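Accompanying notes for the structure given below.
Protein chains: 2
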Amino acid sequence: MARAATTADAFNAVAEPRRREILDALSQAERPVNELVELLGLAQPHVSRHLRVLREVGAVVVRDKGRQRVYRLNPQALKPIHDWVSSYQHLWEERLELLEDVLADLKDEETHG
Amino acid sequence: MARAATTADAFNAVAEPRRREILDALSQAERPVNELVELLGLAQPHVSRHLRVLREVGAVVVRDKGRQRVYRLNPQALKPIHDWVSSYQHLWEERLELLEDVLADLKDEETHG
DNA sequence: CAATTTCATATCCATATCGATATATGATTG
DNA sequence: CAATCATATATCGATATGGATATGAAATTG
C-alpha cells in the first residue's frame with residue numbers, strides 16, 4: 238500500500254508547504270486563483286491542484302465571481318490538527334517550566350549563596 | 238518532482254495516522270519497540286520504520302536498554318505545528334462567537350418578543 | 001560459543017503524489 | 001459568434017512512500 242492521499246484528511250493536506258502558504262494567504266483575505274498564482278510564484282495548474290486538495294478536505298471554499306473563482310479559508314477544517322497537537326502542549330511547557338525552575342534556583346543561589 | 242519525504246519535517250511525519258498513534262502511545266510513557274508493536278497491531282518492521290521517520294524529525298529519541306530500544310517522546314518537535322495552526326485558532330473561534338451571538342439574540346427575541 | 005530475543009535494514013510492489021506542459025471548460029467582451 | 005480571460009483537468013515523469021517478507025545485527029542466556 239502506498240502513502241495515504243493528500244485528500245484523506247487535513248493532516249495530509251497541510252503536510253505540503255505550498256498548501257500552508259495558500260492557507261496563510263487566504264487567512265488575510267479571500268482571493269481569486271490568479272492572485273494566489275502571483276503570490277506563490279507557482280504555475281496556475283499547480284495552484285489549482287493544491288486548491289482542489291484543500292477543497293476536498295474542507296479547508297477552503299469557492300465562490301464564482303464572473304470568470305474568477307474566489308477562494309476563502311474555512312479555518313474550522315484545521316481544528317482537528319489543533320486539537321491533536323494541543324494535547325501535547327503541556328508536555329513541552331512542563332519541560333520549559335522545569336528549566337525555568339532550575340534557572341530560578343541558580344539565580345537564587347547566586348544572590349543568597 | 239515527487240512528494241516531499243516524510244522525514245522532511247514534523248508536518249509530513251505526522252500526516253501518517255500510525256505515527257500519530259505511536260506518538261500518542263509515547264505521550265503516556267516511554268516504551269520499547271515490542272510494546273508499540275503490540276499496541277498498534279502492526280508488524281515489527283513497520284513500527285521500526287515509522288520510528289525511524291519520527292526519529293529523523295526529532296519527534297522521538299531512543300535509549301538502549303539491554304537488547305531493547307526504549308523510545309521516548311520529544312514533544313518540542315511538535316511545537317512548530319502547534320505554532321502554525323494556533324495562528325488560525327482565533328478565526329474559527331470568532332465564527333463560533335458570531336454563532337453564539339446570533340443564538341443569544343434569537344433566544345432574547347423569543348423571550349421578550 | 002550456539003540459541004534466542006529484540007530490533008533494524010533491504011527488497012519488492014502498488015500507489016499517490018508534485019511539478020511541467022498541453023488542453024478543455026466557462027464567462028465576458030466586441 | 002469569435003476572441004480573450006480565468007480556471008480546471010489530463011497526462012507524463014520522477015520519486016517517496018507503506019505494507020509484506022526476508023535477512024542482518026546486537027545483546028542476553030545457557
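From first to last, the protein sequence lines are chains A and B. Per the numbering used here, the first sequence starts with residue 238, numbered consecutively. Per the numbering used here, the second sequence starts with residue 238, numbered consecutively. For each residue, glycine too, the CB sits at the ideal point set by N, CA and C. Note that this is a predicted model, so its numbers are computed, not measured.
Would you decide whether residue i is buried or exposed? Buried here means 16 or more other CB atoms lie within 10 Å of its CB.
| i | result |
| --- | --- |
| Leu343/B | exposed |
| Thr243/B | buried |
| Asn249/B | buried |
| Val339/B | exposed |
| His283/A | exposed |
| Ala341/B | exposed |
| Glu346/A | exposed |
| Gly350/A | With a pLDDT of only 45 at Gly350/A, under the threshold of 50, the placement of this residue in the model should not be trusted; the figure read from the coordinates follows. Label assigned to Gly350/A: exposed. |
One question on the structure: do residue i and residue j come within less than 8 Å of each other, judged by their Cβ atoms?
| i | j | result |
| --- | --- | --- |
| Pro312/B | Leu335/A | no |
| Ala247/A | Val290/A | no |
| Ala308/B | Glu275/B | It is Tyr, not Ala, that sits at residue 308/B in the sequence shown. No. |
| His287/B | Arg255/B | yes |
| Glu253/A | Leu277/A | no |
| Gln281/B | Val299/B | no |
| Val297/B | Leu310/B | yes |
| Ala262/A | Leu279/A | no |
| Gln305/B | His319/A | no |
Where in the region 259-309 of chain B do unbroken runs of the beta strand (DSSP E), each at least 3 residues long, occur, reported from the N-terminal end onward? Within the region 259-309 of chain B, the complete beta strand (DSSP E) runs of at least 3 residues are 297-302.
Residues of the region 301-313 of chain A with Cβ closer than 8 Å to any Cβ of chain B, in chain order: For the region 301-313 of chain A, which is checked against every Cβ of chain B, the residues closer than 8 Å are Leu310, Pro312 and Gln313.
Give me the subset of the region 239-267 of chain A whose CB atoms are less than 9 Å from a CB atom of chain B, sorted by chain position. Under the 9 Å Cβ criterion, the region 239-267 of chain A contributes Arg240, Ala241, Thr243, Ala245, Asp246, Phe248, Asn249, Ala250, Val251, Ala252, Glu253, Pro254, Arg257, Leu260, Asp261 and Ser264.
Listed in chain order, which residues of the region 313-325 of chain B have Cβ atoms closer than 8 Å to some Cβ of chain A? Cβ contacts with chain A come from Gln313, Leu315, Lys316, Ile318, His319, Trp321, Val322, Ser323, Ser324 and Tyr325.
For the region 273-297 of chain A, enumerate the residues whose C-beta is nearer than 8 Å to any C-beta of chain B, in chain order. Near chain B, meaning a CB-to-CB distance below 8 Å, no residue of the region 273-297 of chain A qualifies.
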